[in-house]
Structure formats: structure tokens, C-alpha cells
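Encoded as C-alpha cells, the structure appears first; notes follow it.
Here it is in C-alpha cells:
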């Protein structure tokens, strides 16, 4: 079982690296957007008061 996983990883190294890069990029984008939206929401809430 583990040997099968190791073989798969060795054969698809570049594919897995690309997938990891996309996932990392998506996470960073999500974090930045969430932070920006949270800031904007709190600014609007302060203006409303």
C-alpha cells in the first residue's frame, strides 16, 4: 500500500507540485480577501454608528 503511494508520488512529482502551488495560492488569496472584506465591513459598521 505505502509502496504504491510512494511510486505514485515519484511518477507524478511535477503534477503534485503544481497542485500544491495552486492550493497554496488559493489559500493565500482566500486569506487576503477575507481580511479585506472584514476590514471593509468593520469600517462600514463604524460609519453607520
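Residue numbers (my numbering): -7 to 41. For every residue, glycine included, the Cβ atom is placed at its ideal position computed from N, Cα and C.
What number of angstroms, rounded off, separates the C-alpha of residue 9 from the C-alpha of residue 25? 24 Å
Inter-residue Cα distance where the pair is residue 16 and residue 38: 33 Å
Can you tell me where the alpha helix (DSSP H) holding residue 4 begins and where it ends? Counting along the chain, residue 4 falls outside any alpha helix (DSSP H), and DSSP gives it neither H nor E.
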